[in-house]
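S.K.: Pasting a structure below so you can have a look.
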Amino acid sequence: MTAQIESSSNERADMSNLGSASIPDSDATPAPKVDPKQGRRAGTAAFIGTTIEWFDFYIYGTASALVLGKLFFPEVSPAMGTLAAFATFAVGFIARPLGGIVFGHFGDKFGRKNTVITTLLLMGAATVGVGLLPTYEQIGFMAPILLVLLRVIQGVAMGGEWGGAVLIATEFAPPGKKILYGAFAQQGSPVGNLLATVSFLGLTYMSAENFGAWGWRIPFLASSVLILVGLYIRLKITESPEMIAATEKAPQKRTPIVELLHNHWKVVSLAIGAVVAGVAITYVKTTFALSWATTELEFGRTQFLQVITAALIAQVIIQPFGAILASKVDAKKAILMMLLPELVLLPAMFLLIQTGNFWLAMFGMVLATAPHAMYYAALAGVLAQLFPTTIRYTGISVAYQVSTALFAGTAPFLSQALLSATGSIWVVVCLGLGYVLISVVCMSLLLRGKSWINREGEAGHVAEASTTSASVSEAEESAPTTSR
Numbered sequence: 031m032t033a034q035i036e037s038s039s040n041e042r043a044d045m046s047n048l049g050s051a052s053i054p055d056s057d058a059t060p061a062p063k064v065d066p067k068q069g070r071r072a073g074t075a076a077f078i079g080t081t082i083e084w085f086d087f088y089i090y091g092t093a094s095a096l097v098l099g100k101l102f103f104p105e106v107s108p109a110m111g112t113l114a115a116f117a118t119f120a121v122g123f124i125a126r127p128l129g130g131i132v133f134g135h136f137g138d139k140f141g142r143k144n145t146v147i148t149t150l151l152l153m154g155a156a157t158v159g160v161g162l163l164p165t166y167e168q169i170g171f172m173a174p175i176l177l178v179l180l181r182v183i184q185g186v187a188m189g190g191e192w193g194g195a196v197l198i199a200t201e202f203a204p205p206g207k208k209i210l211y212g213a214f215a216q217q218g219s220p221v222g223n224l225l226a227t228v229s230f231l232g233l234t235y236m237s238a239e240n241f242g243a244w245g246w247r248i249p250f251l252a253s254s255v256l257i258l259v260g261l262y263i264r265l266k267i268t269e270s271p272e273m274i275a276a277t278e279k280a281p282q283k284r285t286p287i288v289e290l291l292h293n294h295w296k297v298v299s300l301a302i303g304a305v306v307a308g309v310a311i312t313y314v315k316t317t318f319a320l321s322w323a324t325t326e327l328e329f330g331r332t333q334f335l336q337v338i339t340a341a342l343i344a345q346v347i348i349q350p351f352g353a354i355l356a357s358k359v360d361a362k363k364a365i366l367m368m369l370l371p372e373l374v375l376l377p378a379m380f381l382l383i384q385t386g387n388f389w390l391a392m393f394g395m396v397l398a399t400a401p402h403a404m405y406y407a408a409l410a411g412v413l414a415q416l417f418p419t420t421i422r423y424t425g426i427s428v429a430y431q432v433s434t435a436l437f438a439g440t441a442p443f444l445s446q447a448l449l450s451a452t453g454s455i456w457v458v459v460c461l462g463l464g465y466v467l468i469s470v471v472c473m474s475l476l477l478r479g480k481s482w483i484n485r486e487g488e489a490g491h492v493a494e495a496s497t498t499s500a501s502v503s504e505a506e507e508s509a510p511t512t513s514r
């Protein structure tokens with residue numbers, strides 16, 4: 031693809047759209063060279079680090095559905111205890127935007143590497159703390175208070191972790207492979223979830239008395255070993271080449287969050303909506319469905335954890351194909367191909383679970399997992415290309431974490447509340463379908479805006495190849511940028 035370089039300030043100003051500031055000429059700073067060995071190491075570090083952090087985050091969700099209500103809120107009914115446990119689960123999500131802003135600031139100002147090392151250690155400390163926490167029976171009302179506090183720390187750590195891990199991967203990516211490299215960080219979520227589910231699945235073979243007394247603590251305490259592994263790997267990586275190139279220029283005068291909200295508020299608002307289907311559907315289909323199936327239906331705890339495990343194995347296998355699809359096909363078409371099937375498969379999943387048949391429930395959950403899993407794989411690479419380097423950590427963290435706080439963290443609570451209020455699972459299904467439609471609309475708008483079309487205009491910010499996109503080609507002809 032060939033394109034002319036225009037130096038007219040008017041044309042550079044025209045490149046600003048959706049609230050984003052003018053993108054500087056790529057002549058200002060040449061694209062940094064990427065060491066393939068460091069790139070592979072960064073991708074591995076992003077994958078292993080996010081796997082560990084997601085394991086820590088997901089074991090809390092599984093424990094909430096199975097045991098935390100009984101241990102920390104014993105003086106209410108079982109349904110209300112589960113609801114209270116899900117409320118503490120949501121607290122972790124509410125804290126995540128704070129983590130995104132705080133660690134995004136340090137990551138944009140001082141670098142990605144040290145920031146993600148800090149988030150890993152913080153998450154590990156909070157998770158082990160939950161594993162050591164006395165129950166309500168032992169210390170009374172202080173138990174749920176300390177539980178909430180540790181969950182807040184988990185949320186702050188995860189809020190800073192995700193954006194840094196994505197950028198460690200994508201900013202080391204070779205030209206045209208940002209979406210593929212972003213999938214390394216995304217793959218940590220299903221693998222972490224799978225490890226969390228398998229760990230509790232193994233514990234279900236204990237007696238209920240032993241599981242409630244001490245067995246549930248094992249995954250939380252085992253996290254300490256995983257954190258040491260992740261720390262060793264992250265200490266081996268270097269700072270990303272794009273961040274190094276950005277810091278060699280004049281220092282940024284504005285605080286990243288101020289710059290983001292002042293010049294990029296429309297992009298970040300749409301990005302919040304674009305994230306919804308990638309995060310909220312998971313908690314409807316796993317955390318809520320686990321509680322629903324084991325309390326309202328005839329499924330045993332071990333049995334339905336096996337259903338979820340099969341779906342997670344399928345997700346680990348299927349998810350990377352979403353990044354491949356979005357790299358090979360026009361992104362707008364790819365997003366629709368990935369999300370629209372969910373409108374059929376999500377209702378089908380709940381219908382099949384409702385039959386009470388183990389194999390039908392497993393089949394339904396595996397099918398319904400594919401669309402949002404593939405979308406999730408492509409999501410990180412897309413978001414990482416919407417913001418300039420000096421506010422990118424803050425930008426993608428705020429978008430992702432605000433969305434998880436508003437939609438993902440509240441999904442099990444809202445689902446349980448809707449079910450309790452109406453007695454119908456189909457109201458919950460409608461909630462899930464609403465999540466999908468929000469993302470279809472918002473992502474479609476993002477991919478038609480100049481923040482996406484002109485993303486290659488920034489120094490050191492190489493775009494994905496879009497050889498099949500007619501709309502992108504037409505936009506490049508009317509607003510020329512540096513050739514890729």
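Under our numbering, think of the first position of the sequence shown as 31, with each following residue one higher. Backbone N, C-alpha and C define an ideal beta-carbon position, used for all residues, glycine too.
Would Leu258 be called buried (16 or more neighbouring beta carbons within 10 Å of its own) or exposed?
M.R.: Burial call: exposed.
S.K.: One question on the structure: do Leu335 and Phe202 come within less than 9 angstroms of each other, judged by their Cβ atoms?
M.R.: Against a cut-off of 9 angstroms, the Cβ pair of Phe202 and Leu335 comes out as no contact.
S.K.: Could you work out which residue in Ala213, Asp360, Ser469 is closest to Glu372 when comparing CA atoms only?
M.R.: Checked all of Ala213, Asp360, Ser469; the closest Cα to Glu372 is Ser469.
S.K.: Should Leu152 be flagged as near chain D, meaning a C-beta pair shorter than 9 angstroms?
M.R.: Here there is only one protein chain, and chain D is not present.
S.K.: Which whole-angstrom value describes the C-beta separation of Gly129 and Gly185, a residue pair presumed to lie in contact below a C-beta threshold of 8 angstroms?
M.R.: With 8 angstroms as the limit, Gly129 and Gly185 qualify as a contact, their Cβ atoms being about 6 angstroms apart.
S.K.: When you measure from the CB of Gly99 to every non-hydrogen atom of the ligand NAP, does any distance come out below 8 angstroms?
M.R.: Annotation note on the ligand NAP: not contained in the displayed structure, which lists no ligands.
S.K.: Report the start-end ranges of each alpha helix (DSSP H) in the segment 72–155 that is 4 residues or longer and not cut off at the edges.
M.R.: Complete alpha helix (DSSP H) runs here, min 4: 99–102, 108–140.
S.K.: Which residue's Cα is closest to the Cα of Thr312: Gly69, Ala414, Thr92, Thr80?
M.R.: The option with the nearest alpha carbon to Thr312 is Thr92.
S.K.: Residues in its own chain within less than 6 angstroms of Thr419 by CB, not counting five upstream and five downstream?
M.R.: So the qualifying residues of the chain are Glu272, Ala276.
S.K.: Do the CB positions of Arg142 and Ile198 come within less than 9 angstroms of each other?
M.R.: In this structure, Ile198 lies closer than 9 angstroms to Arg142 by Cβ.
S.K.: Less than 9 angstroms between the beta carbons of Glu83 and Gly218, yes or no?
M.R.: Yes.
S.K.: Since Met368 is in the alpha helix (DSSP H), which residue starts that stretch and which ends it?
M.R.: It spans 361–369 - the alpha helix (DSSP H) in which Met368 sits, taken as one unbroken run.
S.K.: Between Ala407 and Gln216, how many whole angstroms is the CB-CB distance? I'm expecting something under 8 angstroms.
M.R.: That belief holds up - the Cβ atoms of Ala407 and Gln216 are roughly 5 angstroms apart, short of 8 angstroms.
S.K.: Please determine, among Ile354, Thr317, Val412, the residue with the shortest C-alpha to C-alpha distance to Ser94.
M.R.: Cα-wise, what sits closest to Ser94 is Thr317.
S.K.: Quick one: residues in its chain with C-beta nearer than 7 angstroms to the C-beta of Phe116, no 5 flanking neighbours on either side, listed in chain order?
M.R.: Answer for Phe116: Ser94, Pro442, Phe443, Gln446, listed in chain order.
S.K.: Going by DSSP, what residue range makes up the alpha helix (DSSP H) through His292?
M.R.: First-last of the alpha helix (DSSP H) with His292: 286–293.
S.K.: Going by CA-CA distance only, name the one from Trp322, Leu397, Thr234, His294 that's closest to Leu449.
M.R.: For Leu449, the nearest C-alpha among the options comes from Trp322.
S.K.: Give me the residue from Ala187, Ala76, Leu291 with the minimum Cα distance to Phe417.
M.R.: Ranking the options by Cα distance to Phe417, first place goes to Leu291.
S.K.: Return helix, strand or coil for Asn387, following the three-state DSSP convention.
M.R.: Here Asn387 sits in coil by DSSP.
S.K.: Go to Met473, then tell me how far its alpha helix (DSSP H) extends in each direction, as first and last residue.
M.R.: First-last of the alpha helix (DSSP H) with Met473: 455–476.
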